[in-house]
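Residue numbers (full-length UniProt numbering): 1 to 280.
Right under this line is the structure:
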């Protein structure tokens, strides 16, 4: 965005950074609950690794699809792993949320996406560094300074670690560019690897098998069209689904609600404000 963008969306006050991140594949947004987050809100899976660093007076509680709870700062795998949507609740919650391309997860987090099946406490990933960054964020009064602080931390971590294999990165970007609708069976031959090798490396470095990753990307495009007002029949016909029932099954599998209900989900309503750019 050209300037700080504040918006009252759903139950959150949302702010975006004044400029894109210097790290390609990284997006950030600030969230402060508007008084209704204590009743709980569904977190819809997204084709990114999600990092949330809380620094407010209240402590968020996140429950993943398997019923496991984490309090405070968390990190969640691509599409929140194999389980689907999660729930967040709390009062007086303030946090910086980061969406990472899975290609950067190993570099920035120090763990592979395959180690993030569901929602994990950030303390378990970053250790004592989590408490230090939370304290510094709470002492900072400007959202833009908070964005700059966290971006500097991510840049230092990025320089210290290797990223994904070039062949895996190419396959992931092909899936994203095709909106999840392309055939994934031929990807291995195109990079000169065996299918077994690509599927193994892709699963480790991206966090999902290629077919499920493609389903997640296709779901993300479809559910945002539903939010924008397109009908399920049209979304299914133009989004790579065999029919409307196919769309229905995928939306229920990832979001836990029907396509009609997903169109009204508050979590999705913030995307145009919080995440103006897609990650690759």
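A virtual CB, placed ideally from N, CA and C, is assigned to each residue, including glycine.
These numbers were taken from a predicted model, which means no experiment stands behind them.
Euclidean distance between Cα positions of residue i and residue j
i           : j           : result
residue 97  : residue 264 : 22 Å
residue 282 : residue 23  : What is shown of the chain runs 1 to 280, which leaves residue 282 out entirely.
residue 252 : residue 145 : 39 Å
residue 172 : residue 228 : 26 Å
residue 205 : residue 105 : 8 Å
residue 61  : residue 73  : 9 Å
residue 261 : residue 192 : 43 Å
residue 154 : residue 70  : 23 Å
residue 176 : residue 25  : 12 Å
residue 79  : residue 203 : 13 Å
residue 224 : residue 255 : 12 Å
residue 149 : residue 244 : 45 Å
residue 242 : residue 180 : 14 Å
residue 4   : residue 272 : Legend: pLDDT at residue 4 = 37, less than 50; position of this residue unreliable, no value from coordinates given.
residue 9   : residue 269 : Because residue 9 sits at a pLDDT of 47, beneath the cut-off of 50, its placement in the model cannot be relied upon, and the following sentence gives the value as read from the coordinates. Distance between the alpha carbons of residue 9 and residue 269 is about 7 Å.
residue 291 : residue 248 : Past the edges of the chain, shown from 1 to 280, lies residue 291, and the structure says nothing about it.
residue 117 : residue 32  : 26 Å
residue 17  : residue 151 : 11 Å
residue 200 : residue 214 : 16 Å
residue 166 : residue 157 : 19 Å
residue 85  : residue 65  : 6 Å
residue 134 : residue 109 : 16 Å
residue 292 : residue 112 : A question about residue 292 goes unanswered here, because the residues of the chain that appear run from 1 up to 280.
residue 115 : residue 77  : 8 Å
residue 221 : residue 48  : 13 Å
residue 2   : residue 102 : For residue 2, the predicted structure reports a pLDDT of 32, less than 50, and the residue's modelled location is therefore unreliable. A value from the coordinates is still provided. Those two C-alpha atoms are separated by around 26 Å.
residue 233 : residue 250 : 14 Å
residue 188 : residue 164 : 16 Å
residue 63  : residue 83  : 11 Å
residue 46  : residue 178 : 16 Å
Extent of the continuous beta strand (DSSP E) run through residue i
i           : result
residue 63  : 61–63
residue 121 : 119–121
residue 19  : Taken as a continuous stretch (DSSP letters only), residue 19 belongs to no beta strand (DSSP E), as it is neither H nor E.
residue 43  : 41–43
Simplified DSSP assignment, three categories, for residue i
i           : result
residue 147 : helix
residue 272 : helix
residue 86  : strand
residue 32  : strand
residue 53  : strand
residue 66  : coil
residue 74  : strand
residue 165 : coil
residue 26  : strand
residue 230 : coil
Rounded distance between the beta-carbons of residue j and residue i, thought under 8 Å
i           : j           : result
residue 50  : residue 147 : About 16 Å separates the two Cβ atoms, so there is no contact after all.
residue 216 : residue 208 : 7 Å
residue 75  : residue 43  : Wrong, their Cβ atoms sit about 13 Å apart, outside the cutoff.
residue 275 : residue 99  : 6 Å
residue 143 : residue 15  : 5 Å
residue 41  : residue 87  : 7 Å
residue 240 : residue 212 : Wrong, their Cβ atoms sit about 15 Å apart, outside the cutoff.
residue 246 : residue 237 : The Cβ separation is near 11 Å, so there is no contact.
residue 182 : residue 174 : 7 Å
Residue range of the unbroken alpha helix (DSSP H) whose run includes residue i
i           : result
residue 198 : 195–206
residue 94  : It is not in any alpha helix (DSSP H) - residue 94 instead sits in the beta strand (DSSP E) that spans 94–100.
residue 250 : 244–255
residue 225 : 210–227
residue 109 : 105–109
residue 135 : 129–139
residue 191 : 187–191
residue 260 : 259–262
Cβ contact (3+ pairs, closer than 8 Å) linking the segment 131–140 and the segment 50–67: yes
Taking 8 Å as the threshold, find out whether the segment 120–135 comes into contact with the segment 85–94 through three or more Cβ pairs. no
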